[in-house]
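Enquirer: Residue numbers (UniProt numbering): 1 to 474. Yeah, the Cβ is synthetic: ideal placement off N, Cα and C, and Gly gets one too. Just so you know, these numbers come straight off a predicted model, no measurement behind them. The following block contains the structure, expressed as structure tokens.
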């Protein structure tokens, strides 16, 4: 019972969760889970063939978001990403993917044997990927024929929002559906937050209710527009393929609870949340040596607190937060991400501010907060260089992603990787954006990126005790 005992320690240790899930461990009115953990018995409907109460919950969810249909998921956004991409494509089709998409998008490309063409986001301060420029979408569609779908992420993990309306219009000029991974944007459209992509012309939008709203982990939803170029029938077909045949009624009840909260208490709750969030951001900006990321030229989700501290790397800042009983969502080379939600408490925001205030007072005043004054400078340069390597150009490709997947793969020690063809997806996690995908070559640049991430204490997903999957040479 080590896992259960460890989880029980959370209540005793009381670290404040500046991370998902969005319920922030605050329990809404909810029964004992063992009392409601059932299967598809008479009168309780069926997620795969909804005709009663689940159908009504789906309708209410769609209405709340302004969509024509909502497909509820207990398999997270991953299931819905796979579903939407399979519904929009056929085997061996060509698809456009933003390079900063989550690994689940790449999983779909591998499983569907797709030919991938990439869009590259602008790189912003701290090495953070920006949005996708509509002009780049238009440029790629002009040069590539027979594209079946386009997939972008908006908002990004750090809160950058692309011009989805313009991207959707361009895609539709070419008769191509736009799929938006808005896993981190289930709260968009409520209060004064930016508009949800489903109201900006996207054909399918995937949201993780659990990430930023009071819902249980794994709860998600695929929203479909009335005029979507992806048929509801094909979505339903692949939903059946990827969604578990034993969906949890506990999780579905969590979705119901979340939607009810948004309908009945959402307006007042979001008004209060936005006031607290605005005050917190303003107070943090006043602290010496503390900087909050706020991109220029892009719409931005202010619920994401991307915090950097002059004189500290991202991992050092995370250590400071943890000593102050604050657990961040993500640590990068030069910043930490703190995720807020409508369920955050006054006490939680106050604790975050006090910890950073105390830390800033104990440090030398580095003066004007300019990106060029970040120290250690090496961490900043590594951040920018790594981001440029990941997001602005893909590693050299030997095979299409699907062809590499069909090849025989073996493990290779990290010191013998240079020049080898990757047989797997390697990401720095979170957020799970690939450094390299099947068919691409382990260049010196990729290896430096991996070494830098590992040295900084970041998690590299795809590293199997110092070995990586490669395509076996013939």
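Suppose you measure from the CA of residue 308 to the CA of residue 338; what does that come to, to the nearest Å?
Expert: Here residue 308 refers to the residue found at position 308 when the chain shown is read from its first residue. Here residue 338 refers to the residue found at position 338 when the chain shown is read from its first residue. Distance between the alpha carbons of residue 308 and residue 338: 11 Å.
Enquirer: Does residue 31 pass the burial test, meaning 16 or more other C-beta atoms within 10 Å, or should it be called exposed?
Expert: Your numbering for residue 31 matches position 31 in the chain shown. Exposed.
Enquirer: With three or more C-beta pairs closer than 8 Å as the rule, is the stretch 222–230 touching the stretch 4–17?
Expert: Contact fails: fewer than three Cβ-Cβ distances are below 8 Å.
Enquirer: Check whether the Cβ atoms of residue 172 and residue 212 sit closer than 8 Å, and answer yes or no.
Expert: Position 172 of the chain shown, counted from the start, is the residue given in the question as residue 172. Position 212 of the chain shown, counted from the start, is the residue given in the question as residue 212. Not closer than 8 Å, so no.
Enquirer: Assign residue 185 to one of two classes, buried (16 or more other C-beta atoms within 10 Å of its C-beta) or exposed (fewer than that).
Expert: Mapped onto the chain shown, residue 185 falls at position 185. Burial call: buried.
Enquirer: Taking only the alpha-carbon atoms, compute the straight-line gap between residue 415 and residue 179 and give it to the nearest angstrom.
Expert: The residue you call residue 415 lines up with position 415 of the chain shown. The residue you call residue 179 lines up with position 179 of the chain shown. About 38 Å.
Enquirer: If I measure Cβ to Cβ from residue 64 and keep anything under 8 Å in the same chain, skipping five residues before and after, which residues do I get?
Expert: Here the question's residue 64 lines up with position 64 in the chain shown. Within the same chain, residue 64 has close Cβ partners 259, 262 and 263.
Enquirer: Does the Cβ-Cβ distance between residue 408 and residue 472 come in under 8 Å?
Expert: Here residue 408 refers to the residue found at position 408 of the chain shown. Here residue 472 refers to the residue found at position 472 of the chain shown. Yes, the Cβ-Cβ distance between residue 408 and residue 472 is below 8 Å.
Enquirer: Three or more C-beta pairs closer than 8 Å, one from the stretch 49–62 and one from the stretch 249–257: is that the case here?
Expert: They touch, by the three-pair rule.
Enquirer: Using a Cβ-Cβ cut-off of 7 Å (strictly less than) and excluding sequence neighbours within five positions of residue 132, which residues of its own chain qualify?
Expert: Taking the first residue of the chain shown as 1, we reach residue 132 at position 132. These residues qualify, in order along the chain: 98, 119, 121, 152, 162 and 167.
Enquirer: Would you mind giving the Cβ-Cβ distance between residue 177 and residue 149, rounded to the nearest angstrom? I have them listed as a contact below 8 Å.
Expert: Counted from its first residue, the chain shown places residue 177 at position 177. Counted from its first residue, the chain shown places residue 149 at position 149. Right, the Cβ-Cβ distance comes to about 5 Å (below 8 Å), so this counts as a contact.
Enquirer: Is the beta carbon of residue 81 sitting closer than 8 Å to the one on residue 62?
Expert: In the chain shown, the residue the question calls residue 81 occupies position 81. In the chain shown, the residue the question calls residue 62 occupies position 62. No, these two residues do not count as a Cβ contact at 8 Å.
Enquirer: Taking the continuous alpha helix (DSSP H) assigned at residue 6, which residues delimit it?
Expert: Numbered from its first residue, the chain shown carries residue 6 at position 6. Residue 6 -> alpha helix (DSSP H) spans 2–13.
Enquirer: In chain order, what residues of the same chain lie with their CB nearer than 7 Å to the CB of residue 68, ignoring the 5 residues before and after it?
Expert: The residue labelled residue 68 in the question sits at position 68 within the chain shown. So the qualifying residues of the chain are 62, 224, 225 and 226.
Enquirer: Tell me, to the nearest whole angstrom, how far the beta carbon of residue 304 is from that of residue 158; I am working on the premise that it is less than 8 Å.
Expert: The sequence position of residue 304 within the chain shown is 304, counting from 1. The sequence position of residue 158 within the chain shown is 158, counting from 1. That belief holds up - the Cβ atoms of residue 304 and residue 158 are roughly 6 Å apart, short of 8 Å.
Enquirer: How many angstroms separate the CA atom of residue 103 from the CA atom of residue 349?
Expert: Within the chain shown, the letter at position 103 stands for residue 103. Within the chain shown, the letter at position 349 stands for residue 349. Their Cα atoms are separated by approximately 31 Å.
Enquirer: Which one of 196, 146, 34 and 464 has the shortest CA to CA distance from residue 412?
Expert: Numbered from 1 along the chain shown, position 412 holds the residue referred to as residue 412. It is 464 whose Cα lies nearest to the Cα of residue 412.
Enquirer: Could you tell me if residue 279 is buried or exposed, where buried requires 16 or more neighbouring beta carbons within 10 angstroms of its beta carbon?
Expert: Here the question's residue 279 lines up with position 279 in the chain shown. Exposed, by the Cβ-count rule.
Enquirer: Could you tell me the alpha carbon to alpha carbon distance between residue 33 and residue 156, rounded to whole angstroms?
Expert: Indexing the chain shown from 1 puts residue 33 at position 33. Indexing the chain shown from 1 puts residue 156 at position 156. Between residue 33 and residue 156, the C-alpha separation is close to 33 Å.
Enquirer: In whole angstroms, give me the CA-to-CA distance for residue 1 and residue 8.
Expert: Within the chain shown, numbered from 1, the residue matching residue 1 stands at position 1. Within the chain shown, numbered from 1, the residue matching residue 8 stands at position 8. For residue 1 and residue 8, the distance between alpha carbons rounds to 11 Å.
Enquirer: Here's the rule: buried if 16 or more other CB atoms are within 10 angstroms of the residue's CB, otherwise exposed. What is residue 331?
Expert: Position 331 of the chain shown, counted from the start, is the residue given in the question as residue 331. When all chains shown are included, residue 331 counts as buried.
Enquirer: Hey, would you say residue 541 sits closer than 8 Å to residue 342, going by beta carbons?
Expert: Nothing in the structure corresponds to residue 541, since the chain is present only between 1 and 474.
Enquirer: Ends of the beta strand (DSSP E) at residue 71?
Expert: Against the chain shown, residue 71 aligns to sequence position 71. Its beta strand (DSSP E) spans residues 69–73.
Enquirer: Going by C-alpha to C-alpha distance, which of 429, 73, 138 and 23 sits closest to residue 456?
Expert: Position 456 of the chain shown, counted from the start, is the residue given in the question as residue 456. Ranking the options by Cα distance to residue 456, first place goes to 429.
Enquirer: Can you tell me where the beta strand (DSSP E) holding residue 315 begins and where it ends?
Expert: The count along the chain shown starts at 1 and reaches residue 315 at position 315. It is not in any beta strand (DSSP E) - residue 315 instead sits in the alpha helix (DSSP H) that spans 314–323.
Enquirer: Please list, in chain order, all residues of the same chain as residue 77 whose beta carbon is under 6 Å from its beta carbon, the five residues on each side excluded.
Expert: By 1-based counting over the chain shown, the position of residue 77 is 77. So the list reads 183, 206, 208 and 220, once near-sequence residues are dropped.
Enquirer: Taking the beta carbon of residue 312 as the centre, do at least 16 other beta carbons fall within 10 Å, making it buried, or is it exposed?
Expert: As a first step, residue 312 is located in the chain shown; it is residue number 312 there, counting from the start. That one is buried.
Enquirer: So who's on the other strand from residue 220, going by DSSP bridges?
Expert: Sequence index remark: in the chain shown, residue 220 carries index 220 (1-based). Beta-bridge pairing links residue 220 to 73.
Enquirer: From what residue to what residue does the alpha helix (DSSP H) around residue 537 run?
Expert: Since the displayed the chain opens at 1 and closes at 474, residue 537 lies outside it and no answer follows.
Enquirer: In terms of residues, what are the limits of the beta strand (DSSP E) holding residue 336?
Expert: Here residue 336 refers to the residue found at position 336 of the chain shown. 336–339 is the extent of the beta strand (DSSP E) around residue 336.
Enquirer: Could you pull out every residue in the same chain whose Cβ sits closer than 7 Å to the Cβ of residue 19, ignoring the five residues on either side in sequence?
Expert: Here residue 19 is taken as the residue at index 19 of the chain shown, counted from 1. Hits under 7 Å: 327, 328, 329 and 339.
Enquirer: I need the DSSP call for residue 16, collapsed to helix, strand or coil.
Expert: Translated into positions along the chain shown, residue 16 becomes position 16. Strand.
Enquirer: Can you give me the start and stop residues for the alpha helix (DSSP H) that residue 467 sits inside?
Expert: Against the chain shown, residue 467 aligns to sequence position 467. No alpha helix (DSSP H) holds residue 467; the beta strand (DSSP E) holding it covers 467–471.
Enquirer: Does the distance from the CB of residue 426 to the CB of residue 460 come in under 8 Å?
Expert: In the chain shown, the residue the question calls residue 426 occupies position 426. In the chain shown, the residue the question calls residue 460 occupies position 460. Going by C-beta atoms, residue 426 is nearer than 8 Å to residue 460.
Enquirer: Per DSSP, what kind of secondary structure is residue 156 in: helix, strand or coil?
Expert: Start at 1 with the first residue of the chain shown, and residue 156 comes out as number 156. The answer is coil: DSSP assigns residue 156 none of H, G, I, E or B.
Enquirer: Can you list, in chain order, the residues of its chain with a C-beta nearer than 8 Å to that of residue 39? Leave out the 5 residues immediately preceding and following it.
Expert: Working through the chain shown from its first residue, we reach residue 39 at position 39. Only 246 and 249 meet the Cβ criterion.
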